[in-house]
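S.K.: In our numbering, the protein residues as written are 2 to 270. Cβ atoms here follow ideal geometry from the backbone N, Cα and C, with glycine treated the same way.
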């Protein structure tokens, strides 16, 4: 139990702090590698969709059917799945469109102000993006943590997928803040801190959910996690991947992500 707990927190921390990777990439590149991002975001979506629909949903259903019977268990599974979608949709609803961290941004889209002139609009955009990421990553932390506690191999796969999609989020925070202020440290710090809500979500799951974790609670959480990840994939990752797309790389990424996840399920889970 102790080693599983440490692994779950470690994976969640790793996934959240991947925003810092995006921040570093933004500082040391003159242009956005759109081919890499298109493939990577598609890959992340492929992993999330496959594991949600093939593994997590059915684990939730088995747990709920075992505890509640076939009819009730199936209804609660489906309700929890769409409840997870509604939960993350409501979070997105309250994030201003212009500050949404999943809106595609490129390093070359913004030029550093000349003569050190500050740009309050850019600074505001970056600050709101950091806040939006912090709010958005909270349920992702719950998803990664609960998955890792139930099945470490599954948790690793989900953490990697979330870490990949957190990289462009780091760019979305650091680019406007850096070009508004010229301060690399400030941009990196805000980008880095925005990812910390992921382990905070894990801590909340541990303190609030774990004491009540039985077959019914586990099934509801897992079905909700599946809904959250499918929504993230359809609403954020796939559209962003297509915007960066070159020569159907996003589709190749999706298929590759599904294949890798399928192989890992067959070999390691």
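Three-state secondary structure (DSSP) at residue 184?
M.R.: If DSSP states are grouped into helix, strand and coil, residue 184 belongs with coil.
S.K.: Find out if the Cβ-Cβ distance for the pair residue 155, residue 52 is shorter than 8 Å.
M.R.: It is a contact, given that the beta carbons lie within the stated cut-off.
S.K.: Can you tell me the Cβ-Cβ gap for residue 198 and residue 175, rounded? I've got them flagged as a contact below 8 Å.
M.R.: The Cβ separation is near 16 Å, so there is no contact.
S.K.: With C-beta atoms as the reference, is residue 189 less than 8 Å away from residue 21?
M.R.: Contact: yes.
S.K.: Shortest alpha-carbon distance to residue 236 belongs to which of 42, 75, 58?
M.R.: Looking at the Cα atoms, 42 is the closest of the given residues.
S.K.: Quick check: what's the CA-CA separation for residue 138 versus residue 177?
M.R.: Distance between the alpha carbons of residue 138 and residue 177 is about 20 Å.
S.K.: Say whether the region 210-224 touches the region 71-84, bearing in mind that this needs 3 or more beta-carbon pairs closer than 8 Å, one atom from each stretch.
M.R.: Result yes; three or more Cβ-Cβ pairs closer than 8 Å.
S.K.: Is residue 91 helix, strand or coil by DSSP?
M.R.: Three-state DSSP puts residue 91 in a helix.
S.K.: Give a yes or no on whether the C-beta atoms belonging to residue 220 and residue 65 are separated by under 8 Å.
M.R.: The answer is yes: Cβ separation under 8 Å.
S.K.: Tell me which residues share the same chain as residue 86 and place their Cβ nearer than 8 Å to its Cβ, disregarding the 5 neighbours each side in the sequence.
M.R.: So the qualifying residues of the chain are 228, 229, 231, 232.
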